Structure formats: C-alpha cells, structure tokens
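Visitor:
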Ligand code: FES
Ligand SMILES: [Fe+2]
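Residue numbers (the working numbering): -12 to 359.
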C-alpha cells in the first residue's frame, strides 16, 4: 500500500511496530532458518517441575495432524499428551488413532507398520488392529487371545476430521467426548483459498500460552504496539470470545477493523478479521508434554482478495501474526509459571482466564462443561 499524503505517511509511521527486545533475540532469522527455529529442540532448559508446569492435561479436542498430511493407506507416528500415538487412514478414507505400542510384544506400530484394509498391521509379527484398539487378525495363528480381541486392548482415541484437521478427544480418564469440535464454513469452500499453515513448538504449557491472548500489557513491550486497541472479553461455557476494535489508516482512508478471536475448548480456536480484509485463522494447540506445546495456525482468505487491491494487506496480516507468535515464543519458552500471577491495574483478565480454563481440568471439575 502506498501512502498518498503526509498525514497518511505519519499515520503509517505511528502504526508501525517498534523494535522490541524479542526482535533483537530473533535477529535476522528468515526463510528456512526461521521455520527450523520454530520447531527446534530447546536443550538444557529447566525441568517442568522446576518451572512449576501443570501436571495434568486439559480435556478437549486437539489437532494431531492436518488431513492433507495423511493419505489413504498412510500411517504416521506422533507424540502428544506425553504418549506415543499411531495415526492412520484406512482404505475407506477414515482417519484412526490408537496408542503406538503393540499389545503383543511392544513394537511401535507407527514405525514400519502398514495399513491393511482399514486395519493397522504391526511391523513385528503382523497382528492387525482396528480403531478401537482390538486385534482382528493374526495371520500365523488360528486363534486370537481373548484379551487382544477386546476394545482398548491398545488404548484408542475418539477421532473427528473437521476443517482439514484430524482431531482426537483427550480426557485423562478416557471419559467420552463432552462436546463436538467447531466446524468452519470457509474450510473446503471453493471461493476461499487452501489453508496456509504454520507451526511452532513452544516450551510451555497450554494454559500459559492461552494467557497471552488476554495479556494486554505485553502488546507494547513484546510486540512493539504503539497503542492497544479496545477489547471485549466474554466467557461463555466452553467458549472464550475476545473482540478487538481497531482503526487502520489505509490509502483509502480510515477503516474500522474488527478481530474476533474465539477459543472452543483448550485445543481449538479461530480468529476472524473483518473490515480490513477478510481472513480466517484456525488454530490447533496440542500438548506434547508438560512443557512442550505444538501450536498450529492455518490461514484462509477469499480467493477474490488474494490478487485484488487488498492482496498486500492480507499478506501483511499473516506475516504480522506469525511474527508476533515468534516474539511470544522467545518469552514463553523460558518463563516459569506463576499461579496465580501477581497482577496490577492495567493487566488483562488473567484471573478470569484461569477460571475459564479450570473447567477443562478433570481433577478440578468433575461436572460436565457446558455445551457449546
Ligand atoms: S509386537 Fe506387534 S505383532 Fe508382535
Ligand atoms: Fe503475544
């Protein structure tokens, strides 16, 4: 976008984020180097206990892989919730997830295992497992041990495939799903682009990363924002809705922008940008371990906008959000968890946010969370 008057030039200069301490840390990381940094290991960090990380994962729906990364007949290993998983797609097109270790002799089914029809065949002695974790076939034996025939002989996971994501339901006691994941009409809509995807490992726990969205005072210091927009926070059952209103100076004049950021349970969320340019960002956040979280962001925009007059702006939004998350990662990778944090006037609603997240800890709340 090209400013056309002195006033617009001034407005742009004012709106431009300032350099922050995290930028100095990130240095000139770009391109492939930046992608590697986002997922790289962080060796020699203090232990999860030392950092006071939560000992329990929250119940909910979580993305364990993108649909386009799982072809028919493919099996993938994954590690989430401090467990090794095997994810596969049967010849009927359905995605399935069970724990990775074979009940026979403990081989990892996802490493060398193959898909046989809709079953997952172990690489060690070829026992074949279904999505309920029951053995259906042992090619060299006339009888299957009764224990192996039972559901959850290998622990299995409820799966939903929505919005181009394979999602599993996590509950520490394996209780049944208590709500369904949200679906977005833009996903798979021909007039919207395919999702552009980004990912990070953040060395912190989910709830701490979630606090970031309500932490209004860090925008200036971590992200270099000149001013903080007006926010509204709403907590409604399993949903947290944050609406922010901002004014953008553009060559076409001042535009009122609205950013609606919705969390549907701990693992799933979306952000809708409107006014400025239509963009939808889906998020998938999933714990790998107590102090490692896999964060996914997937962006889609109306195809009509991608090459149109707002093309530059749509690209700038994606770049800005991913850069902000890089900056957050620098801090969150290294913090210790304060529970509760010491707060002052001008801080965001940390306390209310923690109350919202509490409902997803099975140990804190035996009641059923309210439906969406
Ligand atoms: S360990 Fe899997 S079939 Fe033997
Ligand atoms: Fe942030």
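We put the CB at the ideal spot given by N, CA and C, even for glycine. As the structure is a prediction and not an experimental result, all values here were calculated from the model.
(1) So what's residue 230 in DSSP terms, helix, strand or just coil?
(2) Answer yes or no: the CB of residue 311 versus the heavy atoms of ligand 2, is any distance below 7 Å?
(3) From which residue to which residue does the beta strand (DSSP E) around residue 351 run?
(4) Just tell me which of 318, 342, 325 and 323 has its CA closest to the CA of residue 9.
(5) Are the Cβ atoms of residue 243 and residue 29 separated by less than 8 Å?
(6) How about residue 114: is its Cβ closer than 7 Å to a heavy atom in ligand 1?
(7) Since residue 97 and residue 63 are thought to touch, with beta carbons under 8 Å apart, how far apart are those beta carbons, to the nearest angstrom?
(8) Ligand 1 and residue 130: does any heavy atom of the ligand fall closer than 7 Å to the residue's C-beta?
(9) What runs of the alpha helix (DSSP H), each 4 residues or longer, lie entirely inside the region 128 to 167?
(10) Which residues in the same chain have their Cβ closer than 7 Å to the Cβ of residue 134, if we skip the five residues on either side of it in sequence?
(11) With a CB to CB cut of under 7 Å and the five nearest residues on each side skipped, what residues in its chain are close to residue 189?
(12) Between residue 99 and ligand 1, is the CB less than 7 Å from at least one heavy atom?
(13) So which residues touch the region around ligand 2, with touch meaning a C-beta under 5 Å from any heavy atom?
(14) Where does residue 269 fall in DSSP's three states?
(15) Tell me whether residue 92, by its Cβ, gets closer than 7 Å to a heavy atom of ligand 1.
(16) Would you tell me roughly how many angstroms separate the C-alpha atoms of residue -4 and residue 232, rounded to the nearest one?
(17) May I ask you to list the residues that DSSP assigns as paired with residue 95?
(18) Which of the three DSSP states, helix, strand or coil, is assigned to residue 101?
(19) Is residue 123 helix, strand or coil when you go by DSSP?
(20) For residue 321, which three-state DSSP category applies?
(21) Taking the DSSP output, what are the residues bridged to residue 82?
Guide: Here's the rundown:
(1) strand
(2) yes
(3) Premise fails: residue 351 is in no beta strand (DSSP E) and is neither H nor E.
(4) 318
(5) no
(6) yes
(7) 6 Å
(8) no
(9) 133 to 136
(10) 140
(11) 196, 280, 282, 316, 319 and 320
(12) no
(13) 199 and 315
(14) strand
(15) yes
(16) Note that residue -4 scores a pLDDT of 43, beneath 50, so its modelled location is shaky and nothing firm can be said.
(17) 88
(18) strand
(19) strand
(20) coil
(21) 76
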